[in-house]
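Each residue of the sequence shown is one higher than the last, beginning at 340 in our numbering. Just so it is clear, CB atoms sit at the ideal spot from N, CA and C, and this is done for glycine as well.
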Amino acid sequence: MLIRAEFEIKEVLRYLSHLELMTIFRRAFRRANLPLAYSKGFNPHILFSMGQPLKVGMMGWKEYFDLKLTQEMEIEEFINRVNGELPSGIRINKAASIPEDSKALMATINSAVYIFKMVFTQKMKADEELLNSFLAEKEIIVRRERVKKGDIEIDIRPMIQRAEIIEPGKWLFQVDCSSERNLRPEEISRALVDFFPALEYIPISNIVREGLYVRVGNELYSPLDEKIVGR
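Here you go:
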């Protein structure tokens, strides 16, 4: 049985690293006494994978993982047992059994939605005017930091799929987030600060990943959606 689950990371645990988060889940699975499936070989491990890593310091409202079990289990029981072993600040909100030949999350997810809290040091035009002026740029060049290969300059404009104002001071960006093309939230921050001199630096703690999605045409779907997993 292959289970795909949606979970959230709240403020209290947003400083966990991706590896720490995976360790917490593995411990919760074992403590919940789930019928876990393991890999073969000299160092067997739980068959468990997650979607694109969340930046340390950022909350995530719709994050995902896949977990393989050796026998069938009621989804509601799975959610209740695992949530009972997770620390406060992490919670599974929904889950579903998906076909065992489903694509991995990292190969399925191709879009992410981020919400930025914007703080300007002086009175500016309406948020809509500011955002439209930013999106009107044909190119938005930022420096991409790469640890081993050296930094490069990239144009992030083609990777911004959609942007809108949620409320004054809160801007939403829907962007590419796949193994082929991934726009990092800190790169959006850097571009915004470069474009608007009166905008304060946007720390990761002022950004929320609202969710990870699968974009088909102009529509966004949850990785749990029947159209995506074909249940």
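Per DSSP, F535 has no beta bridge partner at all. Beta-bridge partners assigned by DSSP to S436: I342.
Residue pairing for Q513: DSSP places it in a beta bridge opposite V452 and R501. Distance from the CA atom of T460 to the CA atom of Q410, rounded to whole angstroms, is 57 Å.
A contact is defined here as three or more CB-CB pairs under 8 Å, and the segment 514-529 meets this definition with respect to the segment 446-453. If you compare the alpha carbons of K349, N557 and G508 with that of L469, the shortest gap goes to G508. Considering only E558, F455, K462 and G556, the residue with the shortest C-alpha distance to A530 is F455. Assignment of beta-bridge partners to D405 by DSSP yields R343 and S388. Under the 10 Å beta carbon count, I479 is surrounded by 16 or more other beta carbons and is classified as buried. Looking at the DSSP output, I491 sits in a beta bridge with R483. Under a 10 Å Cβ-count criterion, P524 is classified as buried, with 16 or more other Cβ atoms of the shown protein chains found around its own Cβ. Non-local C-beta neighbours of Y453 in its own chain, meaning closer than 6 Å and more than five positions away in sequence, comprise F512, P524, I546 and R548, ordered along the chain.
DSSP lists S450 as the bridge partner or partners of Y552. F404 counts as buried, since at least 16 other C-beta atoms from the protein chains shown sit within 10 angstroms of its C-beta. Short of 7 Å from the beta carbon of K349, and not among the five residues preceding or following it, lie these beta carbons of its own chain, in chain order: M398 and G428. The Cβ atoms of I495 and I342 do not sit closer than 9 Å to each other. When C-alpha distances from D440 are compared across K407, A465 and R485, the shortest belongs to K407.
As the crow flies, the alpha-carbon of M463 is around 17 Å from that of E503.
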